[in-house]
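Quick notes on the structure that follows.
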Ligand code: H2U
Ligand code: ZN
């Protein structure tokens, strides 16, 4: 029997993490018995007097936000990592290991407008966000080995506030996900002589079947090994870029453009403000040689088949490995076919 990847169950390998995932394309026609939630109506004001992120409002702890007009960065009032904690290593037993960790957490408001999302912001305003991200890497990268920039969007993702914002958590440790990517990319470079994601972007640009949107400098693809139904990855397509601050002016403009293209399609997929967790991965900020790295962003959206039906990583996925029904190619095809104009305009 010939192997038909659109019909036969198979496993796909994620070269960035070393994980495998189960793909079951024959199940895409099975009846849906999951939970259906009621979508929340979205009539937000441009300024909400009760929002702790809006300009001029008071935050927890009593600090007042400035009357900002573009992006606004402030220290997280409930930081998960703190600057002045002991750098101890404790191991009363080899099975009980802990180490102190240091760093800081910040919040980035993307816009003074409470009613917008990145997808609906203007290109010049999205560019401000790109520059703010790069600045945070430069600033915090001086003292922190890993600076994680991320956005947690939508209440299904546990985001507490719809005001467009992201976060930065920076620390002296290399966390699990980037540590896996660091090792995998290093091994790939040693074995093949090219950075893994530079080679991958070339492959995707040639094959085209997983490309969602693209421009002169960037490619947005549903990775071959995607776990989430509409997961995507943003990759530079022209050259190797180690970190966000290394992007040229033209590359930042192009990034602004591709973010808009991707996020508008995301919103248009189920005609809702599309929830996701996204974040940037680039070379760690230490003295080591990082020639194996290529800057990239991951978008992990939980929605599966409507504005309310989401995928859960449970059961087999918690105990064995991640699984999907819709193939990465089918997901890319759906996203690619969506209008480039936002459904709300
Ligand atoms: P979400 O993006 O997950 O909704 O989190 C918003 C962050 O804002 C969260 O990390 C912080 C929380 O600690 N925050 C403040 O720093 N000050 C506040 O007044 C409320 C929330
Ligand atoms: Zn607000």
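In the numbering used here, the protein residues as written are 4 to 348. All residues carry an ideal CB built from backbone N, CA and C; glycine is no exception. None of the values given here were measured: they were computed from a predicted structure.
Check your understanding: Looking only at C-alpha atoms, which of 199, 135, 268 sits nearest to residue 169?
Key -> 135
Review point. So does the segment 216 to 236 actually touch the segment 296 to 308, counting three or more Cβ pairs closer than 8 Å?
Key: yes
Practice item. Quick one: measure Cβ to Cβ for residue 188 and residue 198, integer angstroms, because I've assumed they're closer than 8 Å. Key: 6 Å
Exercise for review: Quick one: using the 10 Å Cβ neighbour count with 16 as the cut-off for buried, is residue 32 buried or exposed?
Suggested key: exposed
Check your understanding: If you compare alpha carbons, which of 338, 275, 172 is closest to residue 82?
Key -> 172
Check your understanding: What is the residue span of the beta strand (DSSP E) that residue 217 lies within?
Key -> 214 to 217
Review point. Say the cut is 8 Å; is the CB of residue 51 nearer than that to a heavy atom of the ligand ZN?
Key: yes
Point to revise | residue 19 vs residue 200 beta-carbon contact at 9 Å | key: yes
Review point. Which runs of the beta strand (DSSP E) spanning at least 3 residues fall entirely within the segment 75 to 145, listed in chain order?
Key: 75 to 78, 92 to 96, 99 to 102, 106 to 112
**Study point:** Distance between residue 7 and residue 28 (C-alpha atoms, nearest Å)
**Key:** 10 Å
Check your understanding: For the alpha helix (DSSP H) that residue 67 lies in, which residues bound it at each end?
Key -> Taken as a continuous stretch (DSSP letters only), residue 67 belongs to no alpha helix (DSSP H), as it is neither H nor E.
Point to revise | Residue nearest to residue 217 in terms of C-alpha spacing, selected from 291, 249, 288, 263 | key: 263
**Study point:** Per DSSP, the bridge partner or partners of residue 156
**Key:** 279
Practice item. Could you spell out the range, first to last residue, of the beta strand (DSSP E) harbouring residue 170? Key: 168 to 174
Exercise for review: With hydrogens ignored, establish whether the beta-carbon of residue 164 is closer than 8 Å to any heavy atom of the ligand ZN.
Suggested key: yes
Practice item. For the alpha helix (DSSP H) containing residue 259, list its first residue and its last residue. Key: 252 to 272
Practice item. Answer with buried or exposed for residue 48, where buried requires no fewer than 16 other C-beta atoms within 10 angstroms of its C-beta. Key: exposed
Practice item. Report yes if the CB atom of residue 282 is closer than 9 Å to the CB atom of residue 175, and no otherwise. Key: no
**Study point:** Neighbour-count burial assignment, residue 319, 16 or more Cβ in a 10 Å radius
**Key:** exposed
Check your understanding: Under the rule that 16 or more other beta-carbon atoms within 10 Å means buried, what is residue 247, buried or exposed?
Key -> buried
Check your understanding: Would residue 214 pass as a contact of residue 15 if the rule is Cβ separation under 9 Å?
Key -> no
Review point. Taking the alpha carbon of residue 130 as the point to measure from, which residue in 100, 178, 73 has its own alpha carbon closest?
Key: 73
Practice item. May I ask you to check if the CB of residue 117 is nearer than 8 Å to at least one heavy atom of the ligand ZN? Key: yes
Exercise for review: State the Cα-Cα distance for the pair residue 289 and residue 206, rounded to the nearest angstrom.
Suggested key: 30 Å
Practice item. Run the proximity test for residue 56: is its beta-carbon closer than 8 Å to any non-hydrogen atom belonging to the ligand ZN? Key: yes
Review point. Regarding residue 60 and the ligand ZN, is the C-beta to nearest heavy atom distance less than 8 Å?
Key: yes
Practice item. Please find out if some non-hydrogen atom of the ligand H2U comes closer than 8 Å to the beta-carbon of residue 77. Key: yes
Check your understanding: Is any heavy atom in the ligand H2U found nearer than 8 Å to the beta carbon of residue 218?
Key -> no
Review point. Can you list, in chain order, the residues of its chain whose CB lies under 7 Å from that of residue 144, leaving out five sequence neighbours each side?
Key: 150, 288
Review point. Once you ignore the five residues that flank residue 58 on each side, which residues in its own chain have a CB closer than 6 Å to its CB?
Key: 68, 70, 71, 115
Exercise for review: Check whether the Cβ of residue 155 sits closer than 8 Å to any heavy atom of the ligand H2U, and report yes or no.
Suggested key: yes
Check your understanding: Under 9 Å between the Cβ atoms of residue 276 and residue 254?
Key -> no
**Study point:** Three-way DSSP call (helix, strand, coil) for residue 321 in this model
**Key:** helix
Check your understanding: Is it the case that the CB of residue 173 approaches a heavy atom of the ligand MN more closely than 8 Å?
Key -> Summarising the ligand content, the structure contains the ligand H2U and the ligand ZN and does not contain the ligand MN.
Practice item. Say yes only if the C-beta of residue 139 is nearer than 8 Å to one or more non-hydrogen atoms of the ligand H2U, and no if none qualify. Key: no
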